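Presented below is the structure to which this report refers.
2 protein chains.
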Amino acid sequence: MMKTFNFQIKKELANGLGRAGVIHTPHGDIETPAFIVVGTKATVKALTPEQVSRLGVQAVLANTYHLYLEPGDELVAKAGGLQNFMNWHGPTFTDSGGFQVFSLGAAFGEGGLTKFAVGNTETQNDGRVDDSNHAKLAQIDDDGVTFRSHLDGSEHRLTPEKSIQIQHNLGADIIFAFDECTAPSADYDYQKKALARTHAWAERSLAEHQKLDGPQSLFGIVQGGRHQDLRQESAGFIGSLAFDGFGIGGSFDKDDMGTAVRWVCENLPKDKPRHLLGIGAVEDIFTGIENGADTFDCVAPTREARNGSLYTATGRININNAQYRQDFGPIEDGCGCYVCSPRLDGGVKFSRSYLAHLFRSKEMLAATLASIHNLYFFVNLVKKIRQSILDENFAEFKQEFLTRYKN
Amino acid sequence: MMKTFNFQIKKELANGLGRAGVIHTPHGDIETPAFIVVGTKATVKALTPEQVSRLGVQAVLANTYHLYLEPGDELVAKAGGLQNFMNWHGPTFTDSGGFQVFSLGAAFGEGGLTKFAVGNTETQNDGRVDDSNHAKLAQIDDDGVTFRSHLDGSEHRLTPEKSIQIQHNLGADIIFAFDECTAPSADYDYQKKALARTHAWAERSLAEHQKLDGPQSLFGIVQGGRHQDLRQESAGFIGSLAFDGFGIGGSFDKDDMGTAVRWVCENLPKDKPRHLLGIGAVEDIFTGIENGADTFDCVAPTREARNGSLYTATGRININNAQYRQDFGPIEDGCGCYVCSPRLDGGVKFSRSYLAHLFRSKEMLAATLASIHNLYFFVNLVKKIRQSILDENFAEFKQEFLTRYKN
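Quick mapping for you: the protein sequence lines, in order, are chains A and B. No gaps in the numbering here: position 237 of the first sequence is 237 in the numbering used here, and each next residue is one more. If you want the numbering used here, it's the position in the second sequence, counting the first as 1, plus 407.
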């Protein structure tokens, strides 16, 4: 089937890694760098597709593991695919499900998930979490992974072929090869072994994808943990295969992230887009872009929104703090989001005081308004970074922004 | 202060009771009959004010008891009043808080609420519930009511004066006198005694309202349970006072409702609007309008929406039933709501299948979409009833509608 997918670079940073570009997909263009919003279960939590679109989101990433279990990928196919099912008509991504199999599936019966930091993001539930015991729990072998559903404990098996079949049923524009995401605590020998498996699975994912044909584009995933040689080897190998783009997977310590992304991007073909999986801390986005990542996804903006943690240019505020009850200003002066932008008469539309009331009252509108604000913050930040690349003042913009922003 | 409030009758039914009209308020007109949407805690649950407005809602009714406890009426006054606080700029109502004091407040410490049917609506939590033990639990006396907060058990006291002061702080366009809402199980003697108290409180509410002055309009509440003489006496007395309109309170058996509303409306001044409190079953709306009610409020459409019970022209469907998982049609063909109306390309925007998935996945968007649909159903039904009065074919429309609609 003919593909309308391609990637154009508009401007590069002086380091030859970071760039601004455009990804063309069958459902529209993504101007990169871009923050891809997570819609785990075929919905961006608490928002209608119109609200998502209106706040400036270009593309949505849904979750293969979750949608395979509920409502099932065949049902989504019958509904006309993910776009039709969720009424989101812009570009879409699905991840491969590997990450969730190793975390959510693996954790079943062990009473919960291991929490650790990816960038600055605590990951749980629908996030990108890892579990150092996954080998024992998820029953991984060279052919694939047997795991239990976190919903009902039923046993399932994912292989590279099965993941690609599911993702073809879901029908997103950009899909990912099935990979093994290792824990940061895994030792070098395990990382090396897992990487070999990820590479074999990448080839099998690609073969299955080519066999099934279709208008979708497949991204291969580079792994290798925190090890320079493994990252470079992985980028070289995955980069040599006929993928349409690449995902950069794995978990990093905050200090490692930029270095690891650089090792990878220096060894990937320049002319294909690169997606940094599950990264969403403000500093990490600057670092990721600077080192060659084109797109990102992260549940942090919406999850933190639901907890009342709201992003501003100087850092996050916790709207549950008592001081905001009597604060009649907007979340952030000058913010252009639906929540913060002034009314036609100049008045405050939704004050911090009102949001504090909604959170105290456990009203659903709290999550909706907070999610709109936080997503706008990220989408708009990445748009501004893109503009700074085009305007050749990325370094100045980064310094100016991070000087004000305290995590 | 000058009031812009008035009521014009455009057309009457042949029985001389039912009518179509317009209520003018400082924040806009309400074409009656009208379904007033409940926004208990200064938010229509799960919806932004724009979503509420776009689905055709003319006015919102908030809850005095809840807002007095959280965030506090003085805070709402500081925020510029209810409209400003919640960013709803159309007409607003607040009830007097009496009903919730007797139910939610009263029930504190007794491990829950008595449930019973008002019309067809099971009422709980933010609904209009009564408790036959309220005299013991809420410590009612002729001056007012002492009760405990359902949030933290703290002790509070409401009197007619205090209720009006709170409602002036909240600043809704239409506010209600403080009344005692009796249980249907209360005997005639108790009903008579409670009615005398409600009448004394009506006079005190009116005096406090006149003293405070302001742009708001005060509605007196007619009580009297299921007793013809008490209802007629109450309508005669409350109707003789200088209220801007009237509320019809109390709980009814389904069969009684129309008769009780008739007894009341036959004895109220014709030229002032009448609000039927907490009524929201489809048949009851027809009956209420036929017997002289101009406006209604009820939590049923949004509460049932959150449970997955969706209104259609032939009755409610429970979207959680397995049969809807593979149903790719809209909730209702031909429905003009945001959820059901087709996409520009003619496709289904949000299918029953997608809604079933959202409910199974406990996604917040489920409540949002279902609430939009159910509220549209009611708002639109009452609009059609209004048109049928103007077109002089109310009886035909009623028969046609209720022949198809099975509860």
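Every residue gets a Cβ at the ideal spot worked out from N, C-alpha and C, and that includes glycine. Only a predicted model underlies this, so the values are computations on that prediction, with no experimental measurement involved.
So with CB distances below 8 angstroms, who are the chain A contacts of serine 758 of chain B? Ala79 and Phe85
With C-beta atoms as the reference, is serine 658 of chain B less than 8 angstroms away from alanine 453 of chain B? no
Using DSSP with H/G/I as helix, E/B as strand and the rest coil, what is tyrosine 311 of chain A? Secondary structure at tyrosine 311 of chain A: strand, using DSSP grouped into helix, strand and coil.
Per-residue contacts from glutamate 304 of chain A into chain B (C-beta, under 8 angstroms): Near glutamate 304 of chain A there are no residues of chain B at all, since even the closest Cβ is about 16 angstroms away, more than 8 angstroms.
At which residue ranges does the segment 653 to 686 of chain B contain complete alpha helix (DSSP H) runs of 4 or more residues, listed in the order of the chain? 664 to 672
Does the beta-carbon of serine 592 of chain B have 16 or more other beta-carbons within 10 angstroms, so that it is buried, or is it exposed? exposed
Judging by CA-CA distance, which residue of B/Asp586, B/Lys813, B/Asp740 and B/Phe785 is the nearest neighbour of alanine 441 of chain B? The residue with the shortest Cα to Cα distance from alanine 441 of chain B is B/Phe785.
Is DSSP giving glutamate 807 of chain B helix, strand or coil here? helix
Name the DSSP beta bridge partners of valine 22 of chain A, please? A/Gln8 and A/Glu31
Alpha-carbon to alpha-carbon, aspartate 173 of chain A and tyrosine 761 of chain B: Just so you know, the alpha carbons of tyrosine 761 of chain B and aspartate 173 of chain A end up roughly 20 angstroms apart.
Roughly how many angstroms lie between the CA atoms of tryptophan 88 of chain A and leucine 17 of chain A, to the nearest whole one? Distance between the alpha carbons of tryptophan 88 of chain A and leucine 17 of chain A: 32 angstroms.
Residue of B/Tyr731, B/Gly715, B/Asn787 and B/Leu809 minimising C-alpha distance to threonine 775 of chain B: B/Gly715
Could you please tell me which residues of the segment 366 to 377 of chain A, in chain order, have their CB closer than 7 angstroms to any CB of chain B? Ala367 and Thr368
What residue range is occupied by the uninterrupted beta strand (DSSP E) comprising valine 467 of chain B? 467 to 469
CA-to-CA distance, arginine 723 of chain B to cysteine 744 of chain B, given in whole angstroms: 16 angstroms
When DSSP labels each residue in this structure, what does valine 706 of chain B get in the three-state scheme? Reduced to three states, the DSSP call for valine 706 of chain B is coil.
Name the chain B residues that come within less than 7 angstroms of lysine 45 of chain A, Cβ to Cβ? Neighbours of lysine 45 of chain A in chain B, taken as residues at a C-beta separation under 7 angstroms, are given in chain order as Glu770 and Met771.
From the DSSP output, in three-state form, read off histidine 156 of chain A for me. strand
Which class does valine 57 of chain A belong to by DSSP, given the choice of helix, strand or coil? coil
Hey, quick one: how far does the beta strand (DSSP E) through valine 222 of chain A stretch, first residue to last? 217 to 222
At least one CB of chain A closer than 8 angstroms to the CB of threonine 501 of chain B: is that the case? Among the residues facing chain A, threonine 501 of chain B is not included, as its CB has no counterpart in that chain under 8 angstroms away.
Smallest Cα separation from phenylalanine 350 of chain A: which of A/Asp294, A/Glu332 and A/Trp201? A/Glu332
Quick check on glycine 171 of chain A - is its C-beta less than 8 angstroms from some C-beta in chain B? Glycine 171 of chain A does not count as touching chain B.
Local Cβ density within 10 Å of threonine 63 of chain A, reported as buried at 16 or more and exposed below that: Position check: residue 63 of chain A holds asparagine in this sequence, whereas threonine was assumed. Asparagine 63 of chain A comes out buried.
Per-residue burial, asparagine 407 of chain A [other beta carbons within 10 Å of its own, 16 or more giving buried]: exposed
Report yes or no: do the segment 233 to 251 of chain A and the segment 192 to 204 of chain A share at least 3 C-beta pairs separated by less than 8 angstroms? yes
First and last residue of the alpha helix (DSSP H) that includes phenylalanine 350 of chain A? Neither: phenylalanine 350 of chain A is in no alpha helix (DSSP H) and is coded neither H nor E.
Enclosing alpha helix (DSSP H) for arginine 178 of chain A [first to last residue]: For the record, residue 178 of chain A in the displayed sequence is phenylalanine; it is not arginine. Following the DSSP letters along the chain, one finds phenylalanine 178 of chain A in no alpha helix (DSSP H), marked with neither H nor E.
Would you report the Cα separation of alanine 322 of chain A and alanine 293 of chain A, rounded to the nearest angstrom? 39 angstroms
Under the three-state reduction of DSSP, which class applies to asparagine 725 of chain B: helix, strand or coil? It is a strand residue.
By the 10 Å Cβ neighbour count, where 16 or more other Cβ atoms means buried, how is glutamine 806 of chain B classified, buried or exposed? exposed
How would you write the range of the alpha helix (DSSP H) that valine 871 of chain B sits in, first residue to last? Outside the displayed span of chain B (408 to 814) sits residue 871 of chain B, for which this structure offers no information.
Is there a Cβ from chain B that is less than 8 angstroms from the Cβ of aspartate 126 of chain A? Interpretation of aspartate 126 of chain A is limited by its pLDDT of 36, a score under 50 that renders its predicted location unreliable; the figure taken from the coordinates is listed afterwards. No, aspartate 126 of chain A lies away from the interface with chain B (no Cβ there is under 8 angstroms from its Cβ).
Under the rule that 16 or more other beta-carbon atoms within 10 Å means buried, what is lysine 368 of chain B, buried or exposed? Residue 368 of chain B cannot be examined here, being either before or after the span of chain B that is shown, 408 to 814.
Can you check whether the CB of isoleucine 23 of chain A is closer than 8 angstroms to the CB of aspartate 29 of chain A? yes
Return the residue from the list A/Arg404, A/Tyr376 and A/Val76 that minimises the CA-CA distance to arginine 408 of chain A. It is not possible to answer for residue 408 of chain A, since the shown part of chain A is limited to 1 through 407.
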